[in-house]
Structures are given as C-alpha cells and as structure tokens.
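Protein chains: 2
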Amino acid sequence: MKIALAQINPVVNDFDGNKLLITQLIQSATENGANLVVFPELSVCGYPPHDLLDRPDFIEKCLSTVREIALSCSEIFAIVGAPAPNNASAGKLLFNSAYLLGNGEVISLHHKALLPTYDIFDEYRYFEPNTEFKIAEICGKRIAITVCEDLWDDQPLSSAVRRSKLYKVSPMAELAKHKPELIINLASSPFSSDNYQRRLEVFKGTTHRFGLPVVYVNQVGANTDLIFDGGSMVLNGKGNVVLQLKRFEEDFKIVDTDSIKSLPSIIHSTQNDRIALIHKALVLGIADYFRKMGFKKATLGLSGGIDSAVVLCLAQEALGSENLRVLLLPSQYSSDHSITDAVKLAENINVKYDIVSIENAFSEFNKSLSTLFTGLPQNIAEENIQARVRAVMLMALSNKFGHLLLNTSNKSEAAVGYGTLYGDMCGALSVLGDVYKTDVYALAQYINREKEIIPLNSITKPPSAELRPDQKDSDSLPEYDILDKILYKYIEEGKGEETIVAEGFDLATVRRTIKLVNINEYKRFQCPPILRVSSKAFGFGRKMPLVAKF
Amino acid sequence: MKIALAQINPVVNDFDGNKLLITQLIQSATENGANLVVFPELSVCGYPPHDLLDRPDFIEKCLSTVREIALSCSEIFAIVGAPAPNNASAGKLLFNSAYLLGNGEVISLHHKALLPTYDIFDEYRYFEPNTEFKIAEICGKRIAITVCEDLWDDQPLSSAVRRSKLYKVSPMAELAKHKPELIINLASSPFSSDNYQRRLEVFKGTTHRFGLPVVYVNQVGANTDLIFDGGSMVLNGKGNVVLQLKRFEEDFKIVDTDSIKSLPSIIHSTQNDRIALIHKALVLGIADYFRKMGFKKATLGLSGGIDSAVVLCLAQEALGSENLRVLLLPSQYSSDHSITDAVKLAENINVKYDIVSIENAFSEFNKSLSTLFTGLPQNIAEENIQARVRAVMLMALSNKFGHLLLNTSNKSEAAVGYGTLYGDMCGALSVLGDVYKTDVYALAQYINREKEIIPLNSITKPPSAELRPDQKDSDSLPEYDILDKILYKYIEEGKGEETIVAEGFDLATVRRTIKLVNINEYKRFQCPPILRVSSKAFGFGRKMPLVAKF
C-alpha cells in the first residue's frame, strides 16, 4: 500500500484556499499511484482556529468543505483533519477529528482522545475527548488513525511542573486491542527548539511499545505566534526514521508500506543545531505572518544595536531587501557608532533607510509639558518620551506607506520590563520576544557565519538603550549571561527563588530578577504577538495574573 | 447548626493578606456562635491564579497556608478553597478543592468535578476533574460540599454556541446518593450583566431537583479584568432566596440551618437594573485594580466627548477627585465645545486639569517627516500622529507623577477598530472596553440621574474623533444604535452574516461590520485589560486568530 504524506501550510479560515491545496495534492497522490494521502490535523480549517470553533457558521463551513473534498477521492483514500459535531446529548459540541474519505464520501471519523490543555494548547475549550476507539481498514490493511497528542499519553518530559502521565487513557493501548498493522498520526505540532527531540522520543516509544510503524504528518507554516515546522516522517516498527520530510517547508512524499521494513534509517545531524533551527523558524514566522495577512513590506527602527540588526537580517531573508525600509532615529544621546553601524548594516544588505532626528520632536514635548513639569528633574518620563517619539515616527511611516512595524525587543528585556510601552515595545509582530539576549548574540554570529553582514561593532559593543548620557543596560540589569540563566530557570523551568539560589546564584540578583518579571506582566499584556521558539514563550502559553501580590 | 457565609475579597498570591482576612472571620464566626464558616472557591490564593498554579513554590505556599489557617479552627469548622495535589499516577497535577478544616487540622478534601473551560475559564488547564464523590458530616449534619461549576451540570443557557449539558457527570446526582441534608457551594463566579439571573435559575433548578437548601458563598472584588459581584445567598429547599449578602462589597452573615424553612423569601427588584449594576461593577473594577496594584492616582485625556466623561466619573467614584488629574489636549481640529464641555465636567466633580495643546508637537512631527512624506496628501497617518501625540503627553504625566492612565475606548470602537493603536488605545486599564456605545450613553444618563454632572452637550452632540476638520464617527461607521445591535448578534450571540441579515439588517452594513471586527483583532491583541461586564468581552474570554483569511 502506498501512502502519501502531504505536509501542507493551510491558512486559518481560508476554506477555498485550503480546499484547493488539499484537492491538488489528492490529485498528485492519485497520479503517483498512492492508495492513501494523509493531511495534518485540522487541515481543512487551519490550526489553531481558536474561538472560530465556537461559531456555528465556521463549523458549517468545515463540514461542507470536507464533503466537497471527499468528491475528489474517487480513486484514492484521503485522511483530512476537521472538527466534527458531537451528537451525544452531553459534553462539548465538537470533536477534533480525522476524516477518512473515499469513494467520493466520508467513510469514517476518528476523534482525538487526548486534548492538550496546557501552555499554548486549549483544546478542551472546544472539544469533547473521544472514548470509543476503532480501527480503519484501508486497502485491506488495519490502520490505527490517531490525532497528534493521542500518541503523547506517555510524555518524555517529567518535571516538578509537568508529569509524563498527563492523561488517564492511552488511545494506542485501546486501539492496539484491535490489532492494527500501522499507526497514522495527523498533527499540528508547533516548533520549539527542544520539541523535535521529544517528538522523536515519543514516536520511538510508541513503536517500541506496539511494534508498529508510524506515519506522521505534521502541519508546516506559521500562524501568528505559532510556527509549525513540518518534519513529517515515517518510522519503522523498531523506532528508526526511514522517511523524513522537510522542515519549515511544504513537502510531499510517498512511502510504500511494504518497503518500510527494508528502508535504511536516516541519521539526523546538522538539523539539530539549535540556533540554525531558531533562525529558520523566525524567518518562516515573519514570512507567513506577512503573506497570510496580505502584507509585503516591513519597517523597523535601526538603532545600531544588535537586536534591531538581527531582526532586520531575518526580515530581509523573509521578505527581501526591496520590501524593507528602515528609520534611523538618533537623539542627542545617540553615540556616533549608532548611526555608522546602522548605516553599514543597511548598506550591507541593500535596505533603504532614512535618518530622522527625534531631537526637535522630543524637545517640543519637553516645551509643551514644561509648565506641568516645572522644577522637576529629568527622569524615566523623559527617557520614555524619546522611545515613544520613535514609535510615533515609525508608525507614521507604517500608516503612510503600509510597512508593518517589526518589534525588536528580545526575551530578556521583555521578561524584566526593560522597554518602553508604546515606545520600543510597539510593532505588529515581535520577532525576538522569545529569544534571550545571549541567543540574540548567537543568532548574530550565525547570520555572519559566512561574511560580516551585521557590523562586528554592533555585536561587540556593550548594549545600551541610549536614552540618557552614557547609559548601559548593565546599569540597571545583571549581565545578560547571568540574567538569562536566572530567567530560564524561573520561566522555562518554573523554579522558585530558593531553588535557583541553591543552584549557585546570588540571592539579591535572583530576588530582584523574579520581582521584575512578575511586576512587568502589565507591559507584556500589551505587547505584540511573539514568534514562539521556546517551550515557554510569553503570550497565550504563559497566562499570568496582572493584579496580584508580588 | 449555624453557618457563617464569609464573602471575602482576596488578592491573588497574597497568602499573608488572605490568611489574615480568613482567620479574622473564623474568629468572628466563632465569637458569634457559628458552627461552620464558609469561604469562596480558591480563597486561600485568590481567583484566578492563572499559571501561578503551574509553579511548585506557589502550590507549596497554598498548602502551608491552609495548614496555618486550620490552626485557628479549634472551636469551629471552616471550609476554604485551595488547590490540592493529585496523588494519582496519571492526570493533571492538581485538584480545585474545598478543604474542610476543624480540630486544628484538615478533615477532608472535596474536589471540583466540573471544570469550566470556555470563555474566561480555563480550569482544565490546571486541574483534574474529581470522580469520587463523598459527603461531609459536620455537627451531625450530612453536607454535600460542591465547588462552583459543580452545580452547573444543567446550564440555563442553550444556544447554537452553547449547550445546557456541557458535562457528562452530575456531581449533585452522585452526591445525592449519599442522602445529604444541605448543599454548600464555594464559588468564584464573575459578574456579567446577565449572570445573576442565570445563577438564580441554576440554584432554583438544583433545589427543585434535590429538594435541598443551598448555601452559596461567592468571591467579591475585581482581579484585573474579572469583577466578582459576591451576592452570596441561602436558598431554601423550594428554590426561594431566604438570605442575601451584598453585591460588590465584602459581607458576612450567619444563617441557622434550622430556620431556613421558616425564613421569608426575599424578592429582588431594583438590583436587576442592568445599567446600575454595570456602573457598580465598573467602579469596583477600577477601585480594586488600583488598590491591589498599590496605586492611588489616575489620569486620562478628557476630550469633551462622552466616553472620557463617563470614565472620569466612574474613576472619581472609585478613587476620589483628589486622586485624579486629567489633561485636555486640544488640536487645531478640536471644536470650542471640546474644551468647554471638558472644563465644565472637571469643575463639576472638582478634578484638577491642565490644558496642553498638541499643535506644536504635531507640527514638529510633520516637519521631521516632511522629506519622507513630500507630495503626499494628509491621511490616516497624520490623524494617528495626533492621537499618538496625546498618548505620549498622557504617559509622560503618568511616568512623572505616578498616575495610571485609564483607557476610554468603548466596546463598539474596540470591535470595529475605530481607534489608534498606541494612541487612544493606550492605558493601564480599559474601563469601557466591554460597554457598547449605546450603553455608554445610558451610563451617562445614570450618572446624571440626580443632577447634571456630565454636561448635556457631551451627551447630545454627535460623536467625533476630531482628527480632521468636521469629522464625525458616522462618516466611517453605521449609526451606533444599528452598529451595536449587529455587534451584539455577531459577538455575544455568535450569529453569522446570513442569520443577522435574516433578522432584518442591511447586508452591506452587516458584511462590513463583521469584516471590521475580524480584521481588527490585531489592535485588540495589544489593548489594555478590559473590565468585563458582558457575557462575551474582548480579552481572555474571546480568543480569536489574528492571522486568518477574513
């Protein structure tokens, strides 16, 4: 039996577009002699549809689109993902389902049993968990059709924050009772820099437990904050990967199930370089945000510092130099190298730039507010005015010419609130909001791996917001190599003050860092969507109270 | 048996503060001869704790605080709400539990079975549903201890978007097998203008089904976006309310269970005036946001229009005139009445104001950007600069003097994106972001119910953003009485274009309105937390995709 893996990049709510994508690949698969073609989880409507699932008109569109897609399955079977109505008298209104299509119609439905409801996932918000397990028979082969988390009943991650047995049910153990010969898994599993390894462990674990090959088809492409990395694959019954689809790109491959046993194992090597993966993910994240929103052009404030330099290089890869136009926005506190480093970068990658001084606008605000502020020393208020004047300039360019503003804040800054709300925290999309400063440096080195694109001076000079004379980040914050370690332990690992201090960090620094993270939730609440590349990003995946005693 | 209802206003993560609140009322209850005192759901840590529940240090603090509270229960029983570890080998790590305390220790735990995971609720993110049902015996009385949603297995709301049977289990039906004599329900049930009636229906339904009295203790107070209205009560076995605690205030009352049968029913009347309730809720929402965050003072931009006028009056009730300082920020496009109406209101309620023209700063931006914008007509870019210059002025005042900026956008504007991101959409808290424009008018009338506080001209003049000559809201938007009806049907009722048109609205208007709501998700993503007063507010309760085909 020949199975096609259709790793597609659907757009949420784009039923016509997704249908076209799916039916074209059904035709390709048919022409290439496949007996079955498998698409990702919720591929008909795109993942994640969020509260569109609460809309009856959206569900109706899902169902009619599935029926229309089924019409192209006359000589082939297909499995697509879509919500399905729960016809029982109680429970959530929907299932998250795999639809087996063939003979021009829907043959059977296979509902998801394990509904991830943690971090960025909220599936129990919409779906009823499946409790009835059945096998599909396709071309005489008994197949266990599962949806994403259904294979994750035994998670490779176990910590104080998370246990490996999140669920009481093992869907594959139930399905195994019906003696399947093959497992198919439809997924929309988002990228994080450590998730690929975990996925492999899960699939290896599954093949070992049940001695069955797995055909895994994942969504690819970015939807707002979430980046899906594809990487669909086939594993033989011994847990070896024998077919591997591209990561971060659409892909389509066919496997003959009879040959799975005899195919050689694929060894991964370079694919697992963390920084290279993050780089790819961010480029895809930017590209898809613009393409799917119908925009082409971006802008940002190029400061001469490392964050805006890295964002510009990523945007240049995603959108092309011709679609970028940046502003250099110096003030009286800007050092000479701010301009020269920024100009050098813009010229290195051939991006149009303008230099607009913020001094006059800044001084006009000071004048307008002088009667209110008489006799008071300059402080954070004046620092923030500068950052906000820059935002007004950038948004004016954005509104005038249609360039979306890219936010350049990194995760370390976002964590401790080292940024100005409505100033440098503005933007349609935060590119580095899930990348710690130390990783921003690593990204810069990676971008420069073949030649100096980002001026070395941007990488080597001490980071500064340049909002007052001789300001340095290290005046207000611990050095980033210390700060980032504490932040990682607090945010990603969920460790508390006591534990972190016991691991060898200074109490005062740890306490102050944790306090800063907690009291700056209000700033992050209003920040743009952040491209997620870690296991715990700011945004939907980390929902903290604003009003609380900290 | 005498039961005290302790309707408290805890602060999330304030273990010392909450413990003090709880132990003081345990002492009061003891002194007043009560046998049992009941506190709201998750009262030990405050509700909602959100992802603090994922932190082991937070859970440890919950457990140690419960043990400390138990020490004050030597002559009385108490029921408090707190998370409890799930010691089973699989499932979520926690239960959402009621702890029965007595004899200085924890006597028993009663876990929540129905975990609301819809709208603003996400309890399955953290908690395992209870499956073992048991009765508590207190002073020889058999009591069914339930937590909030446990009584909501049969919801009074049934629509295309929501069914009445959200769950497959009925906790009370299970508990009824053990022949209880009384139902106790610990709740943290947030206010919405239509929720009180629904609660009554649920409790009446429960008493009718089981013929048992209900003692209901709800949290009061606001936590960021959510406003808890208290309104704890006792119902007799026939579904009549016989004891009613205050709404929107802390309260404490004792009921003798022997007298429940003979107490007269309480008839509600004025309490159900929707606008008066929303008014109370918003005042509490503002007051608690400031108090719990440790702030006292607020600012806003007073435009002479109705939205900022209503917000100022609400803030004045919540914080007092002495804690308010507003800016009037006229431009060349401001009409005379903008200033006179604003001044009149500020003087009516004795609020300090300054008039700061934005003309010079606006013109400085135009100059600075002139080489970039040469030859291009003024458009939305220049309109937005004005709104953003105002925001910079207000945030400067906020940063200089510590006044939090209140956002004055209403729900109609927020819905259709009629507002400037980083301009009038700024603020620490959105006061009217869940109040449609037509209800803003009703609130203004209500505020003026005894005398003219808000100048009549602010209420009667046609709404305008005054960002270009002779601009009116109605140039860009349908009249608000039409717009708000369409928005309500689309947002609150989940109806689609076809259905709304079938109900008698113009197709082009409906289509355009829906499109505006969908494509402006990106703006709302970055707006401040919104005080929730409706059944479907923007914010955590309405999670829509930004990147999607609309």
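Quick mapping for you: the protein sequence lines, in order, are chains X and H.
Numbered per our numbering, the first sequence spans residues 1 to 550.
Numbered per our numbering, the second sequence spans residues 1001 to 1550.
Idealized CB from N, CA, C, for every residue including glycine.
Along chain X, which residues have their Cβ under 7 Å away from the Cβ of H:D1424? Residues of chain X passing the Cβ test: none, with the nearest at roughly 11 Å.
Along the region 1389-1405 of chain H, where does the CB come closer than 9 Å to a CB of chain B? Name the residues. Considering every chain present, this structure includes no chain B. Its protein chains are X and H.
H:Y1333 at chain X interface by Cβ criterion, 9 Å: no
Give me the Cα-Cα distance between H:A1034 and H:V1214, rounded to the nearest whole angstrom. 17 Å
Enclosing alpha helix (DSSP H) for H:Y1099 [first to last residue]: It is not in any alpha helix (DSSP H) - H:Y1099 instead sits in the beta strand (DSSP E) that spans 1094-1102.
Quick one: Cα of H:L1094 to Cα of X:L93, how far? 26 Å
Less than 6 Å between C-beta atoms, sequence neighbours within five positions excluded: which residues of the same chain meet that for H:I1079? V1038, A1098, L1100
Spatial neighbours of H:L1115 within its chain, please: CB distance less than 6 Å, with the 5 preceding and 5 following residues excluded, ordered by chain position. E1123, Y1124, F1127, P1129
Would a check of beta-carbon distances place X:V220 closer than 9 Å to chain H? no
Report yes if the CB atom of H:I1120 is closer than 9 Å to the CB atom of H:D1225, and no otherwise. yes
Comparing the C-beta of X:F550 with each C-beta of chain H, is any distance below 9 Å? yes
Which residues bound the beta strand (DSSP E) around X:Y216? 214-218
How about X:L421 and X:N407: do their beta carbons lie closer than 9 Å? no
If we define contact as Cβ-Cβ less than 9 Å, is H:A1361 a contact residue for chain X? yes
Checking contacts by CB at 9 Å: is H:A1502 closer than that to chain X? no
With H, G and I counted as helix, E and B as strand and the rest as coil, what does DSSP make of X:S321? helix
Per DSSP, what are the beta-bridge partners of H:E1601 in this structure? Any question about residue 1601 of chain H goes unanswered here, given that chain H covers just 1001 to 1550.
Alpha carbon to alpha carbon, what distance is there between X:E492 and X:R199? 18 Å
Local Cβ density within 10 Å of X:L327, reported as buried at 16 or more and exposed below that: buried
Helix, strand or coil for H:L1277? Go by DSSP, reduced to three states. helix
Going along chain H, which residues have a C-beta under 8 Å from X:H50? K1543, M1544, P1545
Cα-Cα separation between X:K472 and X:S334, rounded to whole angstroms: 12 Å
Residues of chain X with CB closer than 8 Å to the CB of H:V1066, please, in chain order. The premise fails here: H:V1066 is roughly 17 Å from chain X at the closest Cβ pair, so nothing lies under 8 Å.
Along chain H, in chain order, which residues have C-beta atoms closer than 7 Å to that of X:T224? P1545, L1546, V1547
What's the gap between the Cα of H:N1087 and the Cα of X:S164? 14 Å
How big is the Cα-Cα spacing for H:K1515 and H:R1468? 25 Å
Kindly say whether X:E322, judged by its beta-carbon, lies nearer than 9 Å to any beta-carbon of chain H. no
Across which residues does DSSP place X:E105 in a beta bridge pair? X:G102
Give the DSSP bridge partners of H:M1233, in chain order. H:Y1216, H:Q1244
Return the CA-CA distance between X:E137 and X:T207, expressed in angstroms with no decimal places. 20 Å
How big is the Cα-Cα spacing for H:L1531 and H:R1524? 14 Å
Establish whether the CB of H:T1499 and some CB of chain X are separated by less than 9 Å. yes
Can you tell me the Cα-Cα spacing of X:G496 and X:A508, whole angstroms? 14 Å
Enumerate in chain order the residues of its own chain whose CB-to-CB distance from H:A1442 is below 8 Å, with the five nearest sequence positions on each side excluded. I1275
Among residues of its own chain, excluding the 5 on either side of X:G419, which ones have a beta-carbon nearer than 6 Å to its beta-carbon? S409, E413, M425
For X:Y196, the three-state DSSP class (helix, strand or coil): helix
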